[in-house]
């Protein structure tokens with residue numbers, strides 16, 4: 016997983032790069048906010064670790080900019096800072112920061128925050144993939160609703176594998192639905208009622224024949 020580290024202090028940046036590699040991540044580095052945006056747009060890392068105080072563009076501005084032009088693809092952002100003031104923390108969160116890490120960098124705390132970020136990004140990817148699958152299924156159903164081959168005689172449905180099946184079987188396989196069979200009034204009058212009358216007439220004839228015998 017790609018992680019972009021941004022800090023104008025070379026020692027801190029080298030430390031972050033080394034730790035990220037040690038923890039199994041693919042590190043990307045930038046020495047200021049302007050370079051960070053260029054690297055971000057080129058590589059689209061899943062996570063970002065940025066310093067607060069930097070020349071040209073401070074950390075909160077970097078975060079706001081990334082949040083503005085990457086709304087559809089979430090990035091987990093950790094802010095490096097020596098600030099402990101509640102108002103500063105609130106300003107960072109309002110800018111879009113997910114987590115804070117105080118300087119000097121503690122490797123264990125960095126690893127813990129990266130693990131949380133990785134877990135969140137994996138869940139985000141899983142959710143995005145599921146949304147794509149559901150959209151594909153919706154489009155497929157929409158297509159089938161618009162064009163669905165049906166036999167003119169037996170009324171069987173042909174699926175996308177060129178197999179024919181009863182309409183209730185087809186719909187049950189493609190939708191979360193089960194069929195319970197019934198008889199509509201028209202079919203009762205034209206199909207069922209004549210059979211009932213014929214059955215009663217047959218029974219009556221059998222009874223009369225038995226009495227005459």
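Numbering (my numbering), first residue to last: 16 to 228.
Note that beta-carbon positions come from the ideal geometry of N, C-alpha and C, so glycine has one too.
Identity of the residue in the options nearest residue i by Cα
i: residue 84; options: 69, 52, 209 and 120; result: 52
i: residue 16; options: 105, 58, 49 and 45; result: 58
i: residue 65; options: 103, 20 and 222; result: 20
i: residue 95; options: 40, 104, 118 and 31; result: 118
i: residue 37; options: 49, 206, 18 and 50; result: 18
i: residue 98; options: 89, 203, 74 and 90; result: 74
i: residue 40; options: 130, 23 and 216; result: 130
i: residue 137; options: 180, 90 and 50; result: 90
Reduced DSSP secondary structure (H/G/I, E/B, other) of residue i
i: residue 173; result: strand
i: residue 38; result: coil
i: residue 100; result: coil
i: residue 203; result: helix
i: residue 105; result: helix
i: residue 17; result: strand
i: residue 93; result: strand
i: residue 43; result: strand
i: residue 165; result: strand
i: residue 121; result: coil
i: residue 29; result: helix
i: residue 198; result: coil
i: residue 114; result: strand
i: residue 178; result: coil
CB-CB length for residue i against residue j, believed under 8 Å
i: residue 164; j: residue 173; result: 4 Å
i: residue 92; j: residue 111; result: 6 Å
i: residue 48; j: residue 69; result: 6 Å
i: residue 28; j: residue 44; result: 6 Å
Min CB distance residue i to chain D below 8 Å
i: residue 70; result: Structure shown: chain D not included; a single protein chain is present.
Terminal residues of the alpha helix (DSSP H) in which residue i lies
i: residue 56; result: 48-58
i: residue 219; result: 208-227
i: residue 81; result: 74-84
Residue range of the beta strand (DSSP E) that includes residue i
i: residue 69; result: Premise fails: residue 69 is in no beta strand (DSSP E) and is neither H nor E.
Are there three or more Cβ pairs, one per stretch, closer than 8 Å when the stretch 115-131 is compared with the stretch 74-84?
no
Mind the definition here: the stretch 97-108 touches the stretch 137-149 only if three or more C-beta pairs lie below 8 Å; say whether that holds.
no
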